[in-house]
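Participant: Below you will find the structure I want to go over with you.
2 protein chains.
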Amino acid sequence: MTANITDVARRAGVSTATVSRVLNRNYPVSEGVRQRVMVAVRELGYVANAHARALLTSTSGTVGVILHDVSDPYFAEIVRGIQEVAALEDRLVVICNSLREPQREITYIEMLRAHRVDAIIMAGGHILDDRYLAALREQALQLDAQGSRLVLCGRHPVRADAVVPDNTAGGARLVRHLLERGHRRIAYVAGPPNLSTTQDRLEGYLDALASSGVAPDPSLIAIGDFTREGGYQAAAGLLAAGVAFTAVSAANDLAAVGVLACLRDRGLRVPADVSVAGFDDVPVARDVTPALTTVRVPMVEMGRRSMRLALRDPNAPHELVRLHTELVERQSVAAPPTA
Amino acid sequence: MTANITDVARRAGVSTATVSRVLNRNYPVSEGVRQRVMVAVRELGYVANAHARALLTSTSGTVGVILHDVSDPYFAEIVRGIQEVAALEDRLVVICNSLREPQREITYIEMLRAHRVDAIIMAGGHILDDRYLAALREQALQLDAQGSRLVLCGRHPVRADAVVPDNTAGGARLVRHLLERGHRRIAYVAGPPNLSTTQDRLEGYLDALASSGVAPDPSLIAIGDFTREGGYQAAAGLLAAGVAFTAVSAANDLAAVGVLACLRDRGLRVPADVSVAGFDDVPVARDVTPALTTVRVPMVEMGRRSMRLALRDPNAPHELVRLHTELVERQSVAAPPTA
DNA sequence: CTGAAAGCGCTAACAA
DNA sequence: TTGTTAGCGCTTTCAG
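As you go down the protein sequences, you meet chains B and S in turn.
In terms of this note's numbering, the first sequence has 81 at position 53, counting the first letter as 1, and numbering is strictly consecutive.
In terms of this note's numbering, the second sequence has 110 at position 82, counting the first letter as 1, and numbering is strictly consecutive.
Pasting the structure below:
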């Protein structure tokens, strides 16, 4: 089987304590002994058992990340930021896809707790459900007792570290842009109704409308699910319902891409007939035609900051980092057609 | 600090062995005792220490994945397949971005070995470097001795399980398609020269040319790096060099998207003036304009199969799974302009 | 500078 | 059915 520290010690003719000291190089060891130990290590292909070490030091060098789905570009970018810092700090990253299922999230937290991860980063909006939030709060407490940190990236429903982008202000800024261009009938493709991000961004839409004195029209609001397919269906629904609109603001870029595809399939030109806007500024936003006007959310930076918070001392006080969003003007928005 | 099994045992008035038996439910325990233990567990928020368990059972329930970068859609899709199976089998997945740096890959393997992962999946092509391959082979041996599996996803340079797509055949199929449409001057945007995937796909291009009796022209081959930016630069270089071509075949979709952007910036129409083809069929391929003709690589399935191989018995014999690729015709390829 | 020994939290014989 | 006990592989006092 695998060589252990005793094998190395025997081969080098020293005690296990000495081997440990050589490997952790935090104690004076004579050069000759050091050499002998290193040779034995190399010859045996020895790698210290992280579990045995974790048992003693109660720190695993691992950080857990729970998110909707890594293959969603929004989360992929966040993870990129997380990995960047993890690599710098020699940490391993465990990634868990929750698929936005509350039970799955809680189960993952427990698995990660079992592994005594140094911290857990939960990315993405949270589900608006009291039982879930209570369970989450309970887990946060346990995590704390365990000496590991909880970092929320993109939401902030429980006492913990958090990194949050300004979704509401970003949403309002975007809709204001649409209004400035002359749009009054602005459809909105929302995310899943029970998600905080959906609410925050929708609020921005409503705020902008309100401060311009435009009455919101419920029939202009369609429900998507943050996917391309969801966006496509939402647009199709809007079109089928026959409601008039000159612009569509989608809750995220993926949905906006779906809207674009639907409008194209129906023979509508963007932005000549209808303007379309997204949210997030994921890489695909600039590669669709027309390139998407959107709100840039600093996803990579959110990931970096989250990981930085995660790696602080377990006793450091909670911190809340607010990040700004920014309007990115491209080609998918123009003045409404002068019908 | 954290509650341990002794705390639970004391609180439930039983021995630690009993607690263990209740939690692992693989031994007869009287119902009354079971209840008492469960109550104690709940009250203390107890979660068994995975490290202590791993030390005994020498299995961690964790699988490591080493890949270029999770935020690259090709890898993101593979990871989706991996996670799908991992969730089904209650495994945790550690993801490591190697950025294609050989040293980083080896270091990650050692970190994962230290954590006694049940298996390591290495995704993506391998670097063509003898020293690196020797080191990799050595690690594969150690992994084997350790009782954990090594699965290669997308390459096969060392003795191990592997899941490989048919890159060469796919590349040839695509170029044949271009030839059938009447193209003769077909430029090629390759990946990094020292990568196996680059070689495999380029070979397909050359094979197709050869079997049609078209002499390959080195000046038609540009080097990219599998990124959008690399594709853009490669196309710009081709254009600047003034070589004539009526089609561009890119080594992957991301590069093809860059080629598309470059051609657009230069005022060239696709496919009217130049045809463009990609490789992989990542999600963005159908959302660019014109939608990309490409070769579908079953990335999600590659991920699933890799994970399935990873979770087999450590002593099971190596297996090699070959997966087919398939031509996907969209709008970016047409007959060459009849100049 | 080096070794002996205790013990981290758990599971798996072995007893009872 | 339940308890006792011996480690898993390592780090860390405490001696020397």
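Where a beta carbon is used, it is the ideal one built from N, C-alpha and C, also for glycine.
Please read all numbers here as calculations on a predicted model, not as lab measurements.
#1: For S:T274, name the three-state secondary structure that DSSP assigns.
#2: Taking Cβ positions only, does B:L95 come closer than 8 Å to chain S?
#3: Helix, strand or coil for S:R324? Go by DSSP, reduced to three states.
#4: In the DSSP assignment, find the unbroken beta strand (DSSP E) run with S:S303 in it and report its ends.
#5: With a cut-off of 8 Å, do at least 3 Cβ pairs link the stretch 121 to 133 of chain B to the stretch 60 to 79 of chain B?
#6: Taking the alpha-carbon positions, what's the B:A262 to B:L202 distance?
#7: Would you report the Cα separation of S:Y233 and S:S247, rounded to the nearest angstrom?
#8: Which one of S:S360, S:R141 and S:L223 has the shortest CA to CA distance from S:E166?
#9: Counting contacts by CB-CB distance shorter than 8 Å, is S:T317 in contact with chain B?
#10: For the stretch 131 to 156 of chain S, enumerate the residues whose C-beta is nearer than 8 Å to any C-beta of chain B, in chain order.
#11: Mind pulling the chain S residues with CB within less than 9 Å of B:I33?
#12: Determine the closest residue to S:A147 out of S:T90, S:R256, S:R350 and S:A238, with distance taken between C-alpha atoms.
#13: When the Cα of B:L355 is compared with those of B:E347, B:A313 and B:P342, which residue comes out closest?
#14: Look at the alpha carbon of B:V298 and the alpha carbon of S:L296, and state the distance between them as a whole number of angstroms.
#15: For S:A238 and B:F103, what's the separation of their Cα atoms in angstroms?
#16: Any Cβ of chain S within less than 8 Å of the Cβ of B:R212?
#17: Examine the Cβ distances between the stretch 41 to 49 of chain S and the stretch 105 to 112 of chain B and report whether three or more of them are shorter than 8 Å.
#18: Taking 8 Å as the CB-CB limit, is B:V98 close to chain S?
#19: State the beta-bridge partners of S:G92 as determined by DSSP.
#20: Note the first and the last residue of the continuous beta strand (DSSP E) segment covering B:L178.
#21: Can you tell me the Cβ-Cβ gap for B:T274 and B:S303, rounded? I've got them flagged as a contact below 8 Å.
#22: Nearest-angstrom Cα distance between S:P345 and B:A269?
#23: Taking 6 Å as the limit between beta carbons, can you name the residues of its chain near S:A338, skipping five residues before and five after?
#24: Applying a beta-carbon distance threshold of less than 7 Å, which residues of chain S neighbour B:G232?
#25: Are the beta-carbon atoms belonging to S:L207 and S:V242 less than 8 Å from one another?
#26: Name the residues in the stretch 56 to 78 of chain S whose C-beta lies less than 7 Å from a C-beta of chain B; which are they?
#27: Check each candidate in S:R350, S:R358 and S:S360 and name the one with the smallest Cα separation from S:V191.
#28: Could you tell me which residues DSSP puts in a beta bridge with S:Y216?
#29: Is the distance from the Cβ of B:G252 to the Cβ of B:A218 below 8 Å?
#30: Return helix, strand or coil for B:R22, following the three-state DSSP convention.
#31: Are the beta-carbon atoms belonging to B:A76 and B:I33 less than 8 Å from one another?
#32: Along the chain, where does the alpha helix (DSSP H) containing S:V61 start, and where does it finish?
Facilitator: Per the coordinate set shown:
#1: coil
#2: B:L95 is outside the set of residues whose beta carbon lies under 8 Å from a beta carbon in chain S.
#3: strand
#4: S303 to A305
#5: no
#6: 20 Å
#7: 14 Å
#8: S:E166 has its Cα closest to that of S:R141, out of S:S360, S:R141 and S:L223.
#9: Chain B contact via Cβ: present.
#10: R132, E138, M139, L140, R141, A142, H143 and R144
#11: Per Cβ cutoff of 9 Å: no residues; B:I33 is ~12 Å from chain S at best.
#12: S:T90
#13: Among B:E347, B:A313 and B:P342, the Cα nearest to that of B:L355 belongs to B:A313.
#14: Taken atom to atom, the span from the alpha-carbon of B:V298 to that of S:L296 is near 21 Å.
#15: In this model, S:A238 and B:F103 are separated by some 43 Å (Cα to Cα).
#16: no
#17: no
#18: For B:V98, the nearest CB of chain S lies under 8 Å from its own CB, placing it at the interface with that chain.
#19: Note: S:G92 sits in a beta bridge opposite S:V122 and S:I148.
#20: R177 to C181
#21: 7 Å
#22: 59 Å
#23: V91, A147, I149, R177 and V179
#24: Within 7 Å Cβ-Cβ: nothing; B:G232 doesn't reach chain S, min ~25 Å.
#25: yes
#26: Cβ proximity to chain B below 7 Å picks out G73, V75, A76, N77 and A78 from the stretch 56 to 78 of chain S.
#27: S:R350
#28: S:I249 and S:S277
#29: yes
#30: Nothing about residue 22 of chain B can be read from this structure; chain B reaches only from 29 to 367.
#31: Contact: yes.
#32: E59 to L72
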